[in-house]
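In our numbering, the protein residues as written are -7 to 283.
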């Protein structure tokens, strides 16, 4: 038996070869080998991956911020709208649910009842309140804003980064409300998160060097409506709007930083972590003050 014979190609066993696929290490003949960034790959590995020795998504089309381009670029926006509507309907069916989810710093529901609120450890209220609405006009207005502003931003960011902006903006909005609002004042709604998307959009427009005036006019108009509600009858939380706008802009600065290469993702997610820690510090400061 000849023990020195080279192995045969996995697709053509009668053809001896000394070349192996750099990914699966199967022997491949010259007809089957496909050039990669390092060495050669077999046809199966090329079909399963990117054809370059990297993971399958390595060469996939990318958004401006480096996220993967999805078949439905507004899927997260649609999902968020669906969650908001579902929570709204649940609140109509069970009004007591609203009291358990709305943002309240510290309160007593009735005489003799235990103290409740964010300051007692109910930190979930900081995010659940972002998905909560009690009036039709309130949810309709916020969902229109979410669709108009969020759809294009999601397409530019990609799903994961877009969701990070939304959640961090909502949390930042709640944190400023928690810090500056009387602790027994209930606050709810997605407007803070929507303002965060607007803040990130300002950064995006600046990054693309588009005309800034239209988006600046939109920001100014929305802030005017925040501080001077039309008709004087709407109870608008300026703290939520300002907190969301600033948080979204800060996150956007990191996500849309004009950096390419392998360090971009590190900078982006480090920015998200830094903003989260900043928001957490505000929350803990207020909790210490109330307790």
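Here a beta-carbon is modelled for each residue, glycine too, at the ideal position from N, C-alpha and C.
Annotated three-state conformation of residue 157 is helix, per DSSP.
Counting along the chain, the unbroken alpha helix (DSSP H) around residue 271 starts and ends at 255 to 282. Pairing residue 264 with residue 156 gives a Cβ-Cβ distance under 9 Å. The beta-carbon distance between residue 189 and residue 141, rounded to whole angstroms, is 5 Å. This is short enough to meet the 8 Å contact definition. The residue from 191, 228 and 146 with its alpha-carbon nearest to that of residue 210 is 191. By the neighbour-count definition (other C-beta atoms within 10 Å, threshold 16), residue 281 is an exposed residue. Fewer than three pairs of CB atoms, one per stretch, sit closer than 8 Å, so the stretch 158 to 178 makes no contact with the stretch 210 to 219. In the DSSP secondary-structure assignment, residue 26 is bridged to 33.
Assigned with DSSP and collapsed to three states, residue 7 falls in coil, not helix or strand.
Residue 85 and residue 75 have their C-alpha atoms roughly 15 Å apart. A Cβ-Cβ separation of about 7 Å places residue 175 in contact with residue 99 under the 8 Å criterion.
DSSP places residue 19 within a strand segment (E or B) once states are collapsed to three. Minimum Cα-Cα distance from residue 258 among the listed residues 111, 138, 246 and 143 corresponds to 246.
Partner residues in the beta bridge of residue 12, as assigned by DSSP, are 19. Membership of residue 219 in the alpha helix (DSSP H) is indicated by the continuous run 205 to 219. Taking the Cα of residue 177 as reference, the smallest distance to any Cα among 97, 216 and 124 is reached at 97.
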